[in-house]
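Here's the structure we're looking at; comments come further down.
Number of protein chains: 2
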Amino acid sequence: MEFHTTYSDNNYTIYVDNGILNETLQKYTSQYNQVFYIIDSHVYDLHEEKFTNFDTVIKVPRGESFKTIENTIAVIDELLDQNIKRNDLVVVIGGGATGDGGAFVSSITLRGVDYIHVPTTLLAHDSAIGGKTAINRPHGKNLVGTFYRPNAVIYDLDFFETLPEEEVLSGFGEVIKHAMLAGKESINRLVDETKDGLDITRLNEFILYGIKTKMYYVSVDEKEDNLRKFLNLGHTLGHALEYSFKLKHGHAVVLGIIGSLYISNKMYNDIFDLESLISYLKKIGYDLSPLKEMNTTEMIHYMSSDKKNMRKSFIGYIILREYGHPELIEISTSDLEALLNEMKAII
Amino acid sequence: MEFHTTYSDNNYTIYVDNGILNETLQKYTSQYNQVFYIIDSHVYDLHEEKFTNFDTVIKVPRGESFKTIENTIAVIDELLDQNIKRNDLVVVIGGGATGDGGAFVSSITLRGVDYIHVPTTLLAHDSAIGGKTAINRPHGKNLVGTFYRPNAVIYDLDFFETLPEEEVLSGFGEVIKHAMLAGKESINRLVDETKDGLDITRLNEFILYGIKTKMYYVSVDEKEDNLRKFLNLGHTLGHALEYSFKLKHGHAVVLGIIGSLYISNKMYNDIFDLESLISYLKKIGYDLSPLKEMNTTEMIHYMSSDKKNMRKSFIGYIILREYGHPELIEISTSDLEALLNEMKAII
Ligand SMILES: NC(=O)c1ccc[n+]([C@@H]2O[C@H](COP(=O)([O-])OP(=O)(O)OC[C@H]3O[C@@H](n4cnc5c(N)ncnc54)[C@H](O)[C@@H]3O)[C@@H](O)[C@H]2O)c1
Ligand SMILES: NC(=O)c1ccc[n+]([C@@H]2O[C@H](COP(=O)([O-])OP(=O)(O)OC[C@H]3O[C@@H](n4cnc5c(N)ncnc54)[C@H](O)[C@@H]3O)[C@@H](O)[C@H]2O)c1
């Protein structure tokens, strides 16, 4: 399957399928003098046989540990050592973290060289669209970066074979979020098709749905001045839980979404059947216990420093008026804490 | 005087005049919550009285020494320490080097914050247009950077009062280049108005001309795929001389231009009156002796690694068919060396 982005310019194609890596890559690499491959070292070890005909491979620390200034500069220096030119190509192979860091490298080396992302996790469907690149600083995640679009995204689902279940569930968290933002029909189909468990070989369609939904928000607001903020559904409480319980990102987002829908139900007369949703989530494998165990005072403390906040003692929180209709509300820290405590009862 | 850029979008205004800093700045700063000032430490010491009402000042190593990854990251960390937000403003005060580094910082902090450049050298008129940001690596100059436009350029010529003569001459080198690229009329007027010496208080007009000429080339080819390359007139031999004799950049460019016109004369029947040009340049203060003393074999060696080269043993060289009509030629290294040796006689 192919999806074409719908920006006003600099569009690119996202290929989603099994076993497409080498054939699709070749369409692009044949147009360049030199091609450099930046590969997550763990992915390299697991899938070495896929990379045998690659010339210049730069293995990088796995996952999030790559996203430091030191590591990205080391890669840039390696590219410069190898005499990279403005019209060469960089191919970045790995999850969202490798993608973020590799795209950042591509965007600042020689003021920007072409790059292709080959996502190897389910979560990375999220970063396939949006053009955000990033590395971390001691002050926090993703604080340094650029907006820079890839020349293509080649999503070869064969990589999923080695993905641990917790990574699948984490990625699926963002898939759920995107389906809820897309609307009732999307989320209902998603739940229906996966209610007996996640079959990693049958997620192509939902990956594409997720990409399409994200494309919609990003195309109306690339620089996150307004609507794009809705993509943070589940992220306010999610980030606090992620940090406090050291959860995988998408897992935390799922927990955060429950928090959002709980508030929606309070505001809009129980429009969501939270009970069914919760039992579905448990069934497919999510551990919801952090929502029961969280220290709400501590959560409020984290959420108070969120970028979306506009007033002191109030927290900017994204809820759903209904599926497909996100809203940004401001809720006082005391009201929020009371609601979160109340919610513990239904987990 | 004000000049408005003519890109297809994201345009900005360049203000050029004496004593305009604080008043013009205020028009912008009043729109922001927080404003951070990145200032060349040498400029800070010389002009401290101009900066008394600035809140958050970050002094940075003077000139080119700022353009390292370590220094730029230190500034980013300082901005993050001070809790910079996406909608805050950075004001960068200094020459082209401070501008390059400060703009780079602005372009990658929180994926890009607004910034204003306040150039304090004549040479920086060149970087007021073009949106190139850069830092250096051990491999070479300007190898890491972004394309990122300022929100305004405020050129307060009062800063020139403390500019050493060699910096004035260096900046004027690029002014001459821009006038030659603009056409016969421009360069003739420039020579005519300055033939009795450079009066730093009367250069506003030529700064604006230079900016306009650069704007033309940049607007037709922002990413330097073709026409923008002509802005490198004088830079091929210039860079070699700059490196070998440790010259100021614009001084080296002037010497490089003489080399270009010498080749033009060989190809196109002495269309340029080089003798007059040389005596004019000497009169206003340029030391042309490196052109006599250079080791041409060494120069060829440097030029062979130039980015513009397309064929082995040939050097891509920009000459002028006439003023206003640059051409990119390929010249064999042996022919070029012979010509450069021959040229020594006329210096
Ligand atoms: N740019 C964006 O718009 C955007 C959007 C969402 C997330 N992100 C970023 O993405 C990152 C999270 O994404 P992620 O979970 O994909 O990150 P990741 O790259 O850290 O991958 C998670 C882990 O899975 C391993 N892994 C990757 N592919 C594998 C495979 N096929 N088999 C086995 N193991 C594999 C990695 O080595 C790593 O340990 C975060 O850094 C986040 O900031 C960016
Ligand atoms: N981005 C672009 O398009 C572009 C274009 C041309 C040049 N540049 C860059 O600009 C730099 C060269 O420009 P520059 O010569 O302005 O560099 P600079 O910033 O290094 O300034 C030169 C010296 O003058 C000092 N100085 C600055 N203002 C002064 C003042 N008012 N009084 C006294 N001293 C002062 C500085 O401390 C420094 O020592 C290079 O790094 C080059 O790469 C960039």
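These protein sequence lines are chains A and B, in that order. Okay, so the first sequence: first residue is -11 according to this note's numbering, each after it adds one. Okay, so the second sequence: first residue is -11 according to this note's numbering, each after it adds one. Backbone N, C-alpha and C fix where the C-beta goes; we use that ideal spot for every residue, glycine too. Quick caveat, the model's predicted, so the values are computed rather than measured.
Cβ-Cβ separation between residue 142 of chain B and residue 311 of chain B: approximately 31 angstroms, too far for a contact (criterion under 8 angstroms). Per DSSP, residue 277 of chain B is one residue of the alpha helix (DSSP H) stretching across 277 to 281.
Here residue 299 of chain A is exposed: its Cβ has fewer than 16 other Cβ atoms, across all protein chains shown, within 10 Å. Per DSSP, residue 304 of chain B is one residue of the beta strand (DSSP E) stretching across 302 to 310.
By the Cβ-count criterion, residue 120 of chain A is buried, with 16 or more other Cβ atoms from all chains shown falling within 10 Å of its own Cβ.
Straight through space, the alpha carbons of residue 46 of chain A and residue 26 of chain A are spaced by roughly 5 angstroms.
Placement of the Cβ of residue 34 of chain A at a distance of less than 7 angstroms from at least one heavy atom of ligand 1 is found. Between the C-alpha atoms of residue 106 of chain B and residue 132 of chain A there is a straight-line separation of about 24 angstroms. Residue 161 of chain B: member of the alpha helix (DSSP H) spanning 153 to 170, first to last residue.
Ligand 1 has a heavy atom closer than 7 angstroms to the beta-carbon of residue 31 of chain A.
Here DSSP, grouped into helix, strand and coil, assigns residue 326 of chain B to helix. The stretch 65 to 75 of chain B makes contact with the stretch 14 to 24 of chain B: 3 or more CB pairs, one atom from each, lie closer than 8 angstroms. For the stretch 59 to 74 of chain A, the set of residues with a beta-carbon nearer than 7 angstroms to any beta-carbon of chain B comprises 61, 64, 65 and 68, in chain order. Taking a cut-off of 8 angstroms on C-beta distances, the stretch 147 to 158 of chain A touches the stretch 107 to 117 of chain A, as three or more cross pairs fall below it. For residue 134 of chain A, the chain B residues whose C-beta falls within less than 9 angstroms of its own C-beta are 95, 96, 99, 100, 134 and 136, listed in chain order. Proximity of chain B to residue 127 of chain A at the Cβ level (cut-off 8 angstroms) is accounted for by 65, 68 and 69, in chain order. DSSP links residue 135 of chain A through a beta bridge to A/120. Membership of residue 233 of chain B in the alpha helix (DSSP H) is indicated by the continuous run 223 to 233. In chain order, 68 and 98 make up the part of chain A whose C-beta sits under 7 angstroms from the C-beta of residue 131 of chain B. In this structure, residue 168 of chain B lies near residue 245 of chain B, with their beta-carbon atoms less than 8 angstroms apart. Straight through space, the alpha carbons of residue 15 of chain B and residue 283 of chain B are spaced by roughly 52 angstroms.
Per DSSP, the unbroken beta strand (DSSP E) holding residue 315 of chain A starts and ends at 313 to 320. In the three-state DSSP reduction, residue 87 of chain B falls in the helix class (H, G or I).
Within a 10 Å sphere around the beta-carbon of residue 172 of chain B sit fewer than 16 other beta-carbons, which makes this residue exposed. Setting aside the 5 residues that flank it on each side, residue 49 of chain A is surrounded in the same chain by 29 and 59, each with a C-beta closer than 7 angstroms to its C-beta; the list follows chain order.
In this structure, residue 84 of chain B has its beta carbon less than 7 angstroms from a heavy atom of ligand 2. For residue 300 of chain A, no Cβ of chain B is located within less than 8 angstroms of the residue's own Cβ.
Residues of chain A with a Cβ closer than 8 angstroms to the Cβ of residue 57 of chain B are, in chain order, 57 and 61.
Closest in C-alpha terms to residue 278 of chain B, from the list B/255, B/256, B/314 and B/239, comes B/239. Between residue 225 of chain B and residue 247 of chain B, the C-beta spacing is below 8 angstroms. Residue pairing of residue 205 of chain B in beta bridges, as defined by DSSP: absent, with no partner found. In chain order, 99 make up the part of chain A whose C-beta sits under 9 angstroms from the C-beta of residue 120 of chain B. Burial is judged here by how many other beta carbons sit within 10 angstroms of a residue's own beta carbon; residue -6 of chain B has fewer than 16 and is exposed. Sorting A/174, A/271, A/236 and A/62 by C-alpha distance to the C-alpha of residue 201 of chain A places A/174 at the top.
Burial state of residue 234 of chain B is exposed, judged by a 10 Å Cβ sphere holding fewer than 16 other Cβ atoms. In chain order, 334 place their CB closer than 8 angstroms to the CB of residue 263 of chain B, counting only its own chain and leaving out the 5 sequence neighbours on each side.
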